[in-house]
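Just so you know, we're using the numbering used here here: the sequence shown kicks off at 16 and counts up by one.
As structure tokens, the structure follows; a few thoughts come after it.
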Amino acid sequence: MIVISPSVLAADFADLASEVKKVELAGAEYLHLDVMDGIFVPNISFGAPVISALRKHTAAVFDVHLMITEPIRYIDDFLKAGADIITIHYESCDDPLSVARYIRSKGARAAVSIKPKTPAEVLFPMLKELDMVLVMTVEPGFGGQKLIPETIEKVRQLREYANAEGIEIDIEVDGGVGLDNLATLTEAGANVIVAGSSIFKATDPQKAVAEMKAMAE
């Protein structure tokens with residue numbers, strides 16, 4: 016099943032409650048929440064208090080993407096804030112699998128993300144213990160970048176390995192995703208799609224979500 020996860024970074028921060036309701040009513044099942052610490056990536060966004068404040072305004076699945084160093088320090092905070100899925104970066108700590116296990120032990124879904132230059136193979140040994148993997152199709156930290164074509168092959172490698180091993184897992188893609196490359200990404204094996212301004216800034220968000228799903232499928 017194709018799932019659309021609009022990125023809150025593209026929303027109007029002056030009216031976040033209305034913005035998240037808007038995309039949920041438009042048919043987006045997930046809400047992608049990028050947390051950046053200014054260290055792991057060269058940008059700062061928001062933290063658990065903002066997520067907690069939004070939780071009461073939507074029933075969407077909170078897809079929390081932690082672009083922070085040593086994420087184990089804050090897992091409990093984000094779980095308390097209402098995260099349903101927590102994604103950490105493979106590159107952000109020494110033992111990402113132990114962090115993923117902790118997330119699952121608390122009843123949430125766990126995912127691990129890789130940057131564009133990190134090979135897909137590093138995730139193979141842990142796929143059976145994850146609910147999702149996130150392939151960054153741009154360098155994390157800023158929106159508005161163009162998708163790096165080489166990252167599509169990593170999606171394909173992960174899906175082929177999972178299928179060969181009988182592993183059911185979601186593969187999410189984030190960065191530069193649009194109608195022009197969506198079908199290629201889903202053909203490669205992606206099924207959770209992060210999109211930003213193409214949904215939040217659309218004059219008709221419901222039409223934008225429907226078009227993305229149609230193209231993906």
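Idealized CB from N, CA, C, for every residue including glycine.
Given the structure is predicted, the values throughout are model-derived calculations rather than measurements.
Beta-carbon within less than 6 Å of residue i's beta-carbon, same chain only, minus the 5 sequence neighbours each way: which residues are those?
| i | result |
| --- | --- |
| Leu112 | Met141 |
| Ser212 | Ala25 |
| Ala198 | Met230 |
| Glu176 | First, the residue type needs correcting, since residue 176 is Tyr and not Glu in the sequence shown. Same-chain partners within the cutoff: Phe139. |
| Thr102 | His80, Ala126, Ser128, Leu149 |
Quick one: what's got a C-beta closer than 8 Å to residue i's C-beta in the same chain, skipping five residues either side?
| i | result |
| --- | --- |
| Val148 | Ala126, Val127, Ser128, Ile129, Leu138, Leu142, Leu173, Ile184, Asp185, Ile186, Glu187 |
For a quick check, are the C-beta atoms of residue i and residue j less than 8 Å apart?
| i | j | result |
| --- | --- | --- |
| Glu136 | Cys108 | no |
| Asp189 | Thr152 | yes |
| Ala96 | Ile66 | yes |
| Val192 | Ile208 | yes |
| Ala115 | Asp99 | no |
| Leu200 | Val170 | yes |
| Val18 | Pro220 | no |
What distance in whole Å lies between the Cβ atoms of residue j and residue i, which are believed to be in contact at a cut-off of 8 Å?
| i | j | result |
| --- | --- | --- |
| Ser22 | Ala43 | Not quite, the Cβ-Cβ distance comes to about 10 Å (not below 8 Å), so this is no contact. |
| Glu168 | Thr133 | That pair is no contact at about 13 Å. |
Given that a residue counts as buried once 16 or more other Cβ atoms are within 10 Å of its Cβ, and exposed if not, what is residue i?
| i | result |
| --- | --- |
| Thr218 | exposed |
| Met16 | exposed |
| Phe157 | exposed |
| Asn178 | exposed |
| Pro155 | buried |
CB-CB under 7 Å to residue i, same chain, minus the five flanking residues each way: which ones, in chain order?
| i | result |
| --- | --- |
| Val50 | Ser60, Phe61, Gly62, Val79, His80, Leu81, Met82, Ile83 |
| Lys36 | His72, Thr73 |
| Leu145 | Ala115, Ala125, Ala126, Val127, Ile184 |
| Gly4 | Nothing in the structure corresponds to residue 4, since the chain is present only between 16 and 232. |
* For the stretch 68-79 against the stretch 156-173, are there 3 or more C-beta pairs whose distance is under 8 Å? -> Counting Cβ pairs under 8 Å, fewer than three are found: no touch.
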